[in-house]
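Note that the protein sequences, when read in sequence, are chains A and B.
Here my numbering is used: the first residue of the first sequence is 923, the next is one more, and so on.
Here my numbering is used: the first residue of the second sequence is -16, the next is one more, and so on.
Backbone N, C-alpha and C fix where the C-beta goes; we use that ideal spot for every residue, glycine too.
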Amino acid sequence: MSDSPSVTHRAQKKMHRKMQEGTIISFTTISHPPKGFGNRPRTIGLIELDNGKQILGELLNQKLETSNQKLIIGQRVAPRTRLSRINEQGLRIYEVCYEPLAMKPVETKKEFPGYIVALTGPSGVGKTTISRLLTSKISLYAAEVPILTTREPSNQDENEYTYIDAKKFEVLKKQGKLAAASNIPSSTDTRWYGYRKKDIEAIWKAGKIPVVITEKGLLQDLSRHFGRRSILSFGLLPPGKSKRMMLSCLLHRLRERGRDSEESIRDRLKNAEKDLDFFRQKSHLFDDLIVNEDVDAVFNALKGRVLEAVDS
Amino acid sequence: MNQDIYLIGTGQTPFGEHWDKSLKNLMDEAVTAAIDDAPINALDIDFIVVSNMLGERTNDQAHLGAMASSLLPHRPPALRTEAACASGSVAIHTALSLLESGRAETILVVGVEKMTDVSPDEISAALMGAADSEKDIPSGLTFPGIFGLIANRYMHEYGLTREQLNLVSACHHANGVSNPNAQFRSAIPAEKISQSPSVADPLCLLDCSPISDGAAAVILSNKHESHIRIAASQISTDTLSITDRPTLTSFPATKDATDRALEEAEITREDIAHLETHDCFSIAAVINLEDLGFAQPGTGIRLYEEGNRDSQIAAPTVNASGGLKACGHPVGATGIKQIVDLTKQLTSSNKRYALAHNFGGAGATCCVHILENTNV
Chain A
923 MSDSPSVTHR AQKKMHRKMQ EGTIISFTTI SHPPKGFGNR PRTIGLIELD NGKQILGELL
983 NQKLETSNQK LIIGQRVAPR TRLSRINEQG LRIYEVCYEP LAMKPVETKK EFPGYIVALT
1043 GPSGVGKTTI SRLLTSKISL YAAEVPILTT REPSNQDENE YTYIDAKKFE VLKKQGKLAA
1103 ASNIPSSTDT RWYGYRKKDI EAIWKAGKIP VVITEKGLLQ DLSRHFGRRS ILSFGLLPPG
1163 KSKRMMLSCL LHRLRERGRD SEESIRDRLK NAEKDLDFFR QKSHLFDDLI VNEDVDAVFN
1223 ALKGRVLEAV DS
Chain B
-16 MNQDIYLIGT GQTPFGEHWD KSLKNLMDEA VTAAIDDAPI NALDIDFIVV SNMLGERTND
44 QAHLGAMASS LLPHRPPALR TEAACASGSV AIHTALSLLE SGRAETILVV GVEKMTDVSP
104 DEISAALMGA ADSEKDIPSG LTFPGIFGLI ANRYMHEYGL TREQLNLVSA CHHANGVSNP
164 NAQFRSAIPA EKISQSPSVA DPLCLLDCSP ISDGAAAVIL SNKHESHIRI AASQISTDTL
224 SITDRPTLTS FPATKDATDR ALEEAEITRE DIAHLETHDC FSIAAVINLE DLGFAQPGTG
284 IRLYEEGNRD SQIAAPTVNA SGGLKACGHP VGATGIKQIV DLTKQLTSSN KRYALAHNFG
344 GAGATCCVHI LENTNV
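Structural data, given as structure tokens:
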């Protein structure tokens, strides 16, 4: 196939149309893919996206294979962009591929429970600050949801966590009382974070919009649990033109904050890099990506969106 | 047809790997055979239509009209048609239109393809040109892949099993044994089909028509008569990309072209004695029989199953030549080869009607011809 810059440019421009969940209409595994697509068998699916359009894309089924499950027609899939190949001129060509939503039964249309504001971003980008600003300055309309965590309390925490031990967390998770749960890898221990359904529902009952701080696992869980439409999802990016500059800005902020040890900062940066990739790979999970250069500007932008949601 | 047009001569090269012959050699061989077969001489030909899909990519050769014309001493006017795998039948359709318009009285139609000059990677990429370059190709799909998707969906919807599908290629290979021009002339037991290497799951190597070299030619005339008359010629088209189709398990272009062709010939399906259908992949043959109206949706395989065969009232012979599977599939020549074979079949069986079904891509162009044996 032609990987010329103009062809790639056209494909790139249309890529956002493919960033939707969908259902597999049919799939096939090609034993010898065409030149430029590698030597390993390639599984390609014809997918009906949720907007009714059909498209062709690679299916990533390693996850299923490791859990000994088979791809089936009718399976739900979610998009992900990834680097496909590098052409002769060195142009990096990205494509949208699809991952089966493993073990999740095909969901029926959900009722719309209400809006949730979700702030996602790498460690140190200012999620907590923004969330605090929102829930204090427009406390009539927005309220913070307490984060359940299994990690040890620390005197530098700013009151945002509800501490719980790992066993209890596991029980809540099994009982289905959590709307979202995720563990964040660290070199010292495994920390679980989650949100209780009842906390979120209580805020709705009070006529306010819950504000949650998420990372990729929590965000995906929440959007699965309440439906993507319920989540007003904002990605917060550190300032900087390149990934390297963004990461260096984060490092700076984390050190300035002085809450973490140098080792923990290294962990956080490692995760931050993945978080930045996540914005691109799962852009369908975000309504807006906001660069946190000036806290007030970000607050004003978010306030506008929240008040709009309240009105609706 | 608004006038009587006859098929007065046919010729073809054997299909297969012809390393010692060029594109032009193949064309020359088929043209010479067709002229020898016809009750005319070369100078009676007043127009040439050439059918070819991949000349530019596989042979660095475009401008095939002029090349074909140079094969005849008086260099008649010539043009080339391209409609992927349906190029051959579209060339015949074009020739018939030229005859009906009065532009010509005797036309040579020659289809040629020389595919073994390039690597399998190249040919596979070239053939994907029959699909949509911006919707289908970037996913890494190949043509077997497109039909793999179709086969998987068909199995899902109708419960066709892999064992049943084996019968299709086995039947075509059995038919090909007696065809001296077929690329493969050995019978292959059904169970061997699914034991062949996987190409695009669930399709295996022996579900796919091969890569072949070959040429076929026919001479059509409204001035000279013969016992084979063209009773109908119809083209229908569909979306290039399978992503724009409402269903994977049927090719609406086949239905449309067939219905219009039967209407043009003023006959019904029951009148058809011989059928050559476009079995580029085994699953395509099954779907074609349904779209052509010889089986209900989901039951096309029954025409290949022993025992069920007799219970079908309106069942013509299917791909008695061996089809694309056994004969080979030199893309541009296939549509014309089908007409060559049906002419032989009608002549030897002395039945009245035969139908040729040829499509391009995944049924994006479909062309149906009906031949009538006027001796009956």
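Inset, instruction - Please confirm whether Val1256 of chain A and Ile1052 of chain A have their CB atoms less than 8 Å apart. - result: With chain A represented from 923 up to 1234, any question about residue 1256 of chain A goes unanswered, as that position is not in the structure.
Legend entry - Distance CB(Ile353 of chain B)-CB(Ala248 of chain B) smaller than 8 Å: yes
Inset, instruction - For chain A, find out if any of its Cβ atoms is closer than 8 Å to the Cβ of Cys121 of chain B; answer yes or no. - result: Inspection of the sequence shows that residue 121 of chain B is occupied by Pro rather than by Cys. Put simply, the CB of Pro121 of chain B is near chain A, with a gap under 8 Å to one of its CB atoms.
Inset, instruction - Kindly indicate which three-state DSSP category Val101 of chain B falls into: helix, strand or coil? - result: coil
Legend entry - Cβ-Cβ separation, Pro313 of chain B to Asp196 of chain B (assumed contact under 8 Å), whole Å: 6 Å
Legend entry - Where Ser1170 of chain A meets chain B, residues with beta-carbon distance less than 7 Å: Ordered by position in chain B, no residue passes the 7 Å Cβ test against Ser1170 of chain A, which lies about 35 Å from the chain.
Legend entry - Interfacial residues, the stretch 958 to 983 of chain A to chain B, with Cβ spacing under 7 Å: Interface annotation for the stretch 958 to 983 of chain A against chain B: Phe959, Arg964, Ile966, Leu968, Gln976, Ile977, Leu978, Gly979, Glu980, criterion Cβ-Cβ distance under 7 Å.
Inset, instruction - Confirm the yes/no value for this check: CB of Lys320 of chain B, any heavy atom of the ligand FMN, distance under 7 Å. - result: Questions concerning the ligand FMN fall outside what the structure shown contains, since it holds no ligand whatsoever.
Legend entry - Simplified DSSP state of Val1028 of chain A, which is helix, strand or coil: Reliability fails at Val1028 of chain A, whose pLDDT of 46 lies under 50, so the model's placement of it is uncertain and no value is given.
Inset, instruction - Locate the alpha helix (DSSP H) running through Trp1126 of chain A, then write down its first and last residues. - result: 1119 to 1127
Legend entry - Closest residue to His938 of chain A among A:Phe1208, A:Asp1233, A:Asp1087, A:Ile1135 (Cα-Cα distance): A:Phe1208
Inset, instruction - May I have the straight-line CA-CA distance separating Ile1131 of chain A from Ala267 of chain B, to the nearest angstrom? - result: Distance between Ile1131 of chain A and Ala267 of chain B, taken at the CA atoms: about 55 Å.
Legend entry - Coil, strand or helix - Pro927 of chain A by DSSP: helix
Legend entry - Interface flag, Ser181 of chain B vs chain A, CB-CB below 8 Å: yes
Inset, instruction - Kindly indicate if chain A contains any beta-carbon less than 8 Å away from that of Ala108 of chain B. - result: yes
Inset, instruction - Can you have a look at Ile1008 of chain A and say buried or exposed, based on whether 16 or more other CB atoms are within 10 angstroms of its CB? - result: exposed
Inset, instruction - In angstroms with no decimal places, state the Cα-to-Cα distance between Leu1062 of chain A and Thr930 of chain A. - result: 48 Å
Inset, instruction - Quick one: which residues of the stretch 933 to 958 of chain A get their C-beta closer than 9 Å to a C-beta of chain B? List them in chain order. - result: From the stretch 933 to 958 of chain A, only Ala933, Lys936, Ile947, Ser948, Phe949, Thr950, Thr951, Ile952, Ser953, His954, Pro955, Pro956, Lys957, Gly958 have a Cβ closer than 9 Å to chain B.
Inset, instruction - Establish whether the CB of Leu231 of chain B and some CB of chain A are separated by less than 8 Å. - result: yes
Inset, instruction - At 9 Å on the CB atoms, spell out the chain A contacts of Leu132 of chain B, in chain order. - result: Under the 9 Å cutoff, chain A gives Ile947, Ser948, Phe949, Thr950, Ile966, Gly967, Leu968, Leu978.
Legend entry - For Ile90 of chain B and Ala78 of chain B, the rounded distance between their alpha carbons: 7 Å
Inset, instruction - Would you list, in chain order, the members of the stretch 989 to 1001 of chain A that have their beta-carbon closer than 9 Å to a beta-carbon of chain B? - result: Ile994, Ile995, Gly996
Inset, instruction - Count the other C-beta atoms from every protein chain shown that fall within 10 angstroms of the C-beta of Glu1184 of chain A, then say buried if there are 16 or more, exposed otherwise. - result: Flag for Glu1184 of chain A reads exposed.
Legend entry - Where Thr64 of chain B falls: helix, strand or coil (DSSP): strand
Legend entry - C-alpha gap between Glu1029 of chain A and Val1134 of chain A, whole angstroms: Below a pLDDT of 50, predicted positions are generally treated as unreliable, and Glu1029 of chain A, at 49, falls in that range; the measurement from the model is reported next regardless. For Glu1029 of chain A and Val1134 of chain A, the distance between alpha carbons rounds to 24 Å.
Legend entry - Members of the stretch 134 to 164 of chain B near chain A, C-beta cut-off 7 Å: Asn135, Arg136, His139
Inset, instruction - Specify, as a first and last residue, the run of the beta strand (DSSP E) that His352 of chain B falls within. - result: 348 to 356
Inset, instruction - Give the DSSP bridge partners of Gln976 of chain A, in chain order. - result: DSSP lists A:Glu970 as partners of Gln976 of chain A.
Legend entry - Residues of the stretch 164 to 177 of chain B whose Cβ lies closer than 8 Å to any Cβ of chain A, in chain order: none
Inset, instruction - Compile a chain-ordered list of the residues in the stretch 1006 to 1025 of chain A whose CB is closer than 7 Å to at least one CB of chain B. - result: Glu1017
Inset, instruction - From the DSSP output, in three-state form, read off Asp239 of chain B for me. - result: helix
Inset, instruction - Assuming Arg145 of chain B and Pro185 of chain B form a contact by the criterion Cβ under 8 Å, report the distance between their Cβ atoms to the nearest whole angstrom. - result: Contact annotation, Arg145 of chain B with Pro185 of chain B: C-beta distance approximately 6 Å; criterion of less than 8 Å satisfied.
Inset, instruction - Closer than 8 Å by beta-carbon distance: list the chain A residues that pair up with Asp104 of chain B, in chain order. - result: Pro956, Lys957
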